[in-house]
Amino acid sequence: MGNSDTQRYQAADITIALGLLTRLPITVDAARAKSRGAKSAWAYPLAGLLIGGIAAVIASLCDWVGLAPALVALIALATTIVLTGAMHEDGFADCADGFWGGWSREQRLDIMKDSHIGVYGVLALGLSLLLRWSALVIWIEADAIWAALLLPAVSSRAAMVWIMHSLPPARATGLSRSVGVPSRDTALAAGALAAMSCAMIWPAAILVMALVSGIVILGVSRLARAKIGGQTGDVLGGTQQLTEIAVLVVLSGWLNGS
Numbered sequence: 006m007g008n009s010d011t012q013r014y015q016a017a018d019i020t021i022a023l024g025l026l027t028r029l030p031i032t033v034d035a036a037r038a039k040s041r042g043a044k045s046a047w048a049y050p051l052a053g054l055l056i057g058g059i060a061a062v063i064a065s066l067c068d069w070v071g072l073a074p075a076l077v078a079l080i081a082l083a084t085t086i087v088l089t090g091a092m093h094e095d096g097f098a099d100c101a102d103g104f105w106g107g108w109s110r111e112q113r114l115d116i117m118k119d120s121h122i123g124v125y126g127v128l129a130l131g132l133s134l135l136l137r138w139s140a141l142v143i144w145i146e147a148d149a150i151w152a153a154l155l156l157p158a159v160s161s162r163a164a165m166v167w168i169m170h171s172l173p174p175a176r177a178t179g180l181s182r183s184v185g186v187p188s189r190d191t192a193l194a195a196g197a198l199a200a201m202s203c204a205m206i207w208p209a210a211i212l213v214m215a216l217v218s219g220i221v222i223l224g225v226s227r228l229a230r231a232k233i234g235g236q237t238g239d240v241l242g243g244t245q246q247l248t249e250i251a252v253l254v255v256l257s258g259w260l261n262g263s
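In the numbering used here, the protein residues as written are 6 to 263.
Here is the structure:
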C-alpha cells in the first residue's frame with residue numbers, strides 16, 4: 006500500500022468518527038480531526054456499528070430477562086438516541102421544518118438554523134420514532150435483535166457519506182462546510198464497510214439494503230438540491246434517519262413474510 010493510501014485511511018479516523026457522531030467519552034485530537042476532515046468519513050459506518058452493537062447488547066439483556074418485545078424495542082431505540090445525543094433526530098426535525106416551512110432557499114436555511122421546533126419537525130420526529138419502534142418489535146419477535154440494530158446503523162451512516170460526496174455544502178459556514186467533501190473513494194469505502202457488515206450478519210439482505218439505501222440517497226439528494234441547493238449537517242441527520250427507517254421497515258416486511 007502506497008503512502009497516499011496510508012494517508013487516505015488512518016486508524017485515527019475511527020476515533021474522529023466516534024467523536025463526531027456519538028456522545029461517548031472519546032478523546033479526539035482537535036488538530037488531527039480538523040486536518041483529516043472529510044477523509045475520516047469512511048469510518049462513519051464503524052461508528053454506526055458501535056452504536057448499534059451497544060444497543061444490541063442492552064436489548065439482548067432485556068430480552069433475556071423476559072421483557073416484552075415492545076419494551077425491548079423502546080429501550081433499544083432510547084439507547085441509540087442517548088448514544089448519539091439525538092443529533093440525527095434534531096437534524097431530521099430541522100429539515101422537515103425548513104424544507105416545508107420556508108418559501109425560499111434563504112428562508113429555509115434560516116428556519117433550519119433556528120433552535121425552535123415547528124409542527125413539521127414534531128410530526129417528523131413522531132413518525133420516525135413510531136416507525137422505528139414498530140419495525141424493531143417485528144425484528145425482536147423474530148429473534149433478530151442484532152441484525153435489527155446493526156444493519157440500519159451502518160447503512161445509514163454510509164448513506165450520510167454519499168450525500169456529503171454528491172452535494173456541495175449549502176452554507177458558507179457550519180459543521181458540514183468545516184468537515185469538507187469526501188472523495189468518491191472515501192464514499193465507496195463507507196459503502197463497502199456497510200456491505201461487509203451486512204455480509205457477516207445477513208448476506209441475503211445485501212442487495213435489498215443497498216437498493217433501499219440508494220433510493221433514499223437519490224431522493225434526499227434531489228430534494229435537498231431543489232430546496233436549499235446542497236447539504237448541511239441537518240440534511241445529513243435527516244439522511245441517517247430516513248435510511249434507518251427505510252432499511253428497518255423494508256427488511257422487517259421481508260423478515261415477517263419469510
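Positions of the beta carbon are idealized from the N, C-alpha and C atoms, including for glycine. Keep in mind it's a predicted model, so treat the numbers as computed, not measured.
Neighbour-count burial assignment, residue i, 16 or more Cβ in a 10 Å radius
i: Gln-246; result: buried
i: Met-117; result: buried
i: Ser-9; result: The predicted position of Ser-9 is uncertain, since its pLDDT is 43 and thus under 50; a value taken from the coordinates is nonetheless stated next. Ser-9 should be labelled exposed.
i: Lys-232; result: buried
i: Asp-34; result: exposed
i: Glu-249; result: buried
i: Glu-94; result: buried
i: Pro-173; result: exposed
i: Leu-212; result: exposed
i: Gly-131; result: exposed
i: Pro-208; result: exposed
i: Met-205; result: exposed
i: Gly-24; result: buried
i: Leu-241; result: buried
i: Asp-119; result: exposed
i: Asp-68; result: buried
Reference residue i, options the options, closest by Cα
i: Ser-45; options: Ala-64, Asp-99, Leu-172 and Asp-190; result: Asp-190
i: Leu-55; options: Arg-41, Ala-78, Leu-26 and Pro-173; result: Leu-26
i: Ser-226; options: Ala-175, Leu-51, Gly-53 and Ala-78; result: Ala-175
i: Gly-53; options: Cys-100, Trp-69 and Ala-164; result: Ala-164
i: Asp-239; options: Asp-115, Pro-50, Val-87 and Thr-20; result: Asp-115
i: Leu-155; options: Asp-148, His-170, Leu-172 and Cys-203; result: Cys-203
i: Ala-61; options: Ile-86, Ala-81 and Trp-138; result: Ala-81
i: Arg-13; options: Leu-66, Gly-42 and Trp-151; result: Gly-42
i: Gly-90; options: Leu-29, Ala-152, Gln-112 and Gly-224; result: Leu-29
i: Val-127; options: Cys-100, Ala-149 and Gln-112; result: Cys-100
i: Val-178; options: Pro-157, Gly-235 and Ala-152; result: It should be noted that the sequence gives Thr, not Val, for residue 178. Thr-178 has its Cα closest to that of Gly-235, out of Pro-157, Gly-235 and Ala-152.
i: Ala-210; options: Ser-257, Leu-66 and His-121; result: Ser-257
i: Arg-37; options: Trp-47, Pro-74, Thr-20 and Phe-97; result: Thr-20
i: Ile-63; options: Val-87, Met-92 and Trp-47; result: Val-87
i: Tyr-125; options: Leu-260, Leu-134, Ala-98 and Pro-187; result: Ala-98
Counterpart residues of residue i in DSSP-defined beta bridges
i: Pro-208; result: Answer is none; Pro-208 lacks a bridge partner.
i: Pro-174; result: Gln-236
For this session: Would you check if the stretch 210-223 and the stretch 74-90 touch, i.e. whether three or more CB-CB distances between them fall below 8 Å?
Result: As far as the Cβ criterion goes, the stretch 74-90 does not touch the stretch 210-223, which means the pair count is below three.
Exercise. Can you list, in chain order, the stretches of the alpha helix (DSSP H) that have 4 or more residues and sit fully within the stretch 98-143?
Worked result: For the stretch 98-143, the continuous alpha helix (DSSP H) assignments of 4+ residues that do not extend past its boundaries occur at 110-118, in sequence order.
Exercise. Is there contact here, the stretch 195-210 with the stretch 131-142, by at least three beta-carbon pairs under 8 Å?
Worked result: No, because fewer than three Cβ pairs between the stretch 195-210 and the stretch 131-142 fall closer than 8 Å, the two stretches do not touch.
Exercise. Fully enclosed by the stretch 46-85, which alpha helix (DSSP H) runs are 4 residues long or longer?
Worked result: Complete alpha helix (DSSP H) runs here, min 4: 49-69.
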